[in-house]
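Sequences listed follow chains A and B, in order.
For the first sequence, counting from 1, position 195 maps to 195 in our numbering; every step adds exactly one.
For the second sequence, counting from 1, position 147 maps to 147 in our numbering; every step adds exactly one.
A virtual CB, placed ideally from N, CA and C, is assigned to each residue, including glycine.
Working notes for the structure below.
2 protein chains.
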Amino acid sequence: MNGRMATALCVLCLVSGCAAGFWFARMPLHEVDQDVIYQVSTIDALLQGSLEGTMTYGEMKKHGDFGIATFDRLDGEMIAFGGDFYQIKADGKVVAVTDDMTTPFGTVTFFSQDYSFPVRHAANFSDFSRQVEEVLPSKNHLYAIQIRGEFPYVMTRSIPRQETPNARLVDAAANQSIFEFRQTRGTIVGFWTPDLVRGLNVPGFHLHFLTEDRTGGGHILDFIVENATVEVDITPRFAMALPESGSYTSADLSGDLSHELDVVEKGST
Amino acid sequence: MNGRMATALCVLCLVSGCAAGFWFARMPLHEVDQDVIYQVSTIDALLQGSLEGTMTYGEMKKHGDFGIATFDRLDGEMIAFGGDFYQIKADGKVVAVTDDMTTPFGTVTFFSQDYSFPVRHAANFSDFSRQVEEVLPSKNHLYAIQIRGEFPYVMTRSIPRQETPNARLVDAAANQSIFEFRQTRGTIVGFWTPDLVRGLNVPGFHLHFLTEDRTGGGHILDFIVENATVEVDITPRFAMALPESGSYTSADLSGDLSHELDVVEKGST
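Written out as structure tokens, the structure reads:
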């Protein structure tokens with residue numbers, strides 16, 4: 001039950017003279033915890049080719065209004081903020097995500113800025129990462145990150161829908177589309193996660209981009225920052241829903257896939 | 001809000017003739033998800049000496065009626081089932097856990113058996129692990145495990161309270177008390193978790209024991225099984241609350257501590 005529903009019920013109780021109204025208003029409610037980074041499946045399962053969507057976006061939206069993800073069979077890149085969810089397809093087009101669409105891997109939270117700080121200049125993604133990691137309050141928590149404004153340069157990618165079931169992500173990414181944006185306004189959304197979730201999520205930064213006019217974007221491979229404000233939501237709790245059927249249940253998740261992850265996430269080889 | 005509270009509220013609404021009663025009864029409620037394995041902090045933080053209790057058992061009980069844990073400064077072993085929480089101290093005594101006691105690391109869930117199967121004979125912990133792992137439906141999920149009955153042999157340990165703040169777990173365990181039980185009746189409680197949560201929890205089996213008369217038990221180092229029924233709760237969701245203050249925030253959680261974990265959990269060297 002969310003706060004608005006609780007308030008509505010209390011108002012209704014009071015209007016109707018219900019004896020339970022006052023008691024209910026004082027009850028502890030199981031509000032949805034807003035300081036949780038919630039993910040479906042694991043990055044290693046995605047790397048191993050568990051590409052079938054196992055959770056609807058209707059369900060994902062119950063766990064966050066902000067985040068990044070992919071789609072059934074890797075059909076594009078997802079970015080969400082302010083409760084708006086978008087699909088950036090491999091042909092560059094951006095469409096609204098509908099609740100019946102599904103994802104094999106994604107991460108969401110309810111974004112609420114805890115603090116912000118300026119980044120005057122970052123020459124590339126690595127430089128940005130180094131500067132921001134220096135000021136994170138602890139390397140043992142997870143953080144949601146939002147940056148809004150003008151960017152001198154953003155390079156993104158989007159992966160096309162895979163026709164082969166259970167294609168490995170590293171092979172699928174070899175056919176990705178690359179997009180470049182210069183002097184572009186927009187929003188960067190993503191997470192910084194610590195090494196302790198290696199195998200589950202993407203250690204370090206994982207960021208997606210959407211232009212201000214919401215017509216382009218993708219998974220960020222590189223970018224240049226000038227006079228940006230980085231907004232940070234410290235999220236000390238983590239939740240993970242593991243698929244109960246499909247290829248996930250038999251995927252080999254015992255190895256260390258960090259090299260493949262580097263190739264896929266950063267375009268490095 | 002749990003089901004009992006919802007029912008009580010609906011009855012009260014109906015008795016008082018409240019107009020909201022029927023509407024409320026049909027509302028989707030945010031029940032506490034019962035199929036979540038919930039943990040506070042990480043095993044690697046405990047290994048690195050983050051021993052101060054950061055969550056009360058009062059809070060832990062909101063997330064499960066079943067589980068295993070330790071206490072502030074490693075003061076004994078915790079076992080819970082059926083909503084009863086016990087502290088097995090290093091002097092062998094067993095006391096009820098009070099809500100104001102705290103834990104630096106623990107794992108709980110609401111136990112609800114999904115299936116069970118017999119183990120006719122297991123000569124030791126390794127033999128038991130091999131037999132049960134063969135029949136787990138997926139190596140990529142987490143499971144709560146309960147075994148009730150008579151055991152030919154159980155060897156347990158309990159660690160005494162550490163006077164040194166931030167003692168490493170491997171050093172603290174060197175001073176553990178060892179207990180042996182023969183032809184004993186009791187309950188074994190614990191979890192099987194996959195490699196994918198390495199660093200966070202204890203991959204494989206992690207089991208605690210309490211005698212039927214609730215006067216002895218501890219963390220299981222070894223045991224023999226004859227004609228036991230293993231009850232399994234498949235728990236496809238995982239949640240983790242990371243401490244927001246204290247030594248956790250600056251602990252070095254970047255390394256691989258699996259060898260130290262083996263020494264501590266199984267008594268191997």
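- [ ] Please compile the residues from chain B whose C-beta is within a distance smaller than 9 Å of the C-beta of S42/A.
- [x] The displayed chain sequence assigns Thr, not Ser, to residue 42/A. Correct list: N140 and L196.
TODO: Quick one: list the residues of chain B neighbouring E244/A, beta-carbon separation under 9 Å, in chain order.
DONE: S138, H141, I234 and P236
Open item on the list: Going residue by residue through the stretch 104 to 191 of chain B, where are the continuous beta strand (DSSP E) segments of at least 3 residues, counting only ones entirely within it?
Closed with: 106 to 109, 115 to 122 and 142 to 158
Task: Cα-Cα separation, P104/B to L253/A - done: 28 Å
- [ ] Taking only beta carbons into account, state which residues of the stretch 246 to 265 of chain A come closer than 8 Å to chain E, listed in chain order.
- [x] Of the protein chains in this structure, namely A and B, none is chain E.
Task: Residue-chain proximity (R214/A, chain B), Cβ-Cβ < 9 Å - done: no
Open item on the list: Between I220/B and V154/B, how many whole angstroms is the CB-CB distance? I'm expecting something under 8 Å.
Closed with: 6 Å
TODO: Taking Q162/A and A172/A to be in contact with their CB atoms under 8 Å, please state how far apart those CB atoms are, rounded to whole angstroms.
DONE: 5 Å
- [ ] Please report how far the alpha carbon of R168/A lies from the alpha carbon of D222/B, in whole angstroms.
- [x] 41 Å
TODO: Classify V264/B as helix, strand or coil using the three-state DSSP reduction.
DONE: helix
- [ ] Output yes if chain A places a C-beta closer than 9 Å to the C-beta of T7/B; else output no.
- [x] With a pLDDT of only 39 at T7/B, under the threshold of 50, the placement of this residue in the model should not be trusted; the figure read from the coordinates follows. Chain A contact via Cβ: absent.
TODO: Please report the residue range of the alpha helix (DSSP H) in which Y57/B lies.
DONE: Y57 to M60
Task: Assigned exposure category for T107/B - 16 Cβ within 10 Å defines buried - done: buried
- [ ] Pull up the distance between the alpha-carbon of M55/B and that of T102/B, whole angstroms please.
- [x] 5 Å
Task: Cβ of G67/B within 9 Å of any chain A Cβ - done: no
- [ ] With a 10 Å radius around its C-beta and 16 neighbouring C-beta atoms as the bar for buried, classify H271/B as buried or exposed.
- [x] This structure gives no information on residue 271/B, because the portion of chain B shown stretches from 1 to 269.
Task: Where M27/A sits in the DSSP three-state scheme - done: Confidence is the limiting factor: at M27/A the pLDDT is only 37, short of 50, which leaves the residue's position unreliable, though a coordinate-based value still follows. M27/A falls in the coil class under three-state DSSP.
Open item on the list: Bridge partners for H208/A per DSSP, in chain order?
Closed with: V189/A and H219/A
Open item on the list: Helix, strand or coil, according to DSSP, for T249/B in the structure here?
Closed with: helix
TODO: Give the interface partners of G199/A over in chain B, defined as CB-CB distance under 7 Å, in chain order.
DONE: L196
Task: Residue-chain proximity (M240/A, chain B), Cβ-Cβ < 9 Å - done: yes
- [ ] Assign Q113/A to buried or exposed, taking buried as 16 or more other Cβ atoms, counted over all protein chains shown, within 10 Å of its Cβ.
- [x] exposed
Open item on the list: I'd like the span of the alpha helix (DSSP H) that includes D44/B, first residue to last.
Closed with: I43 to L47
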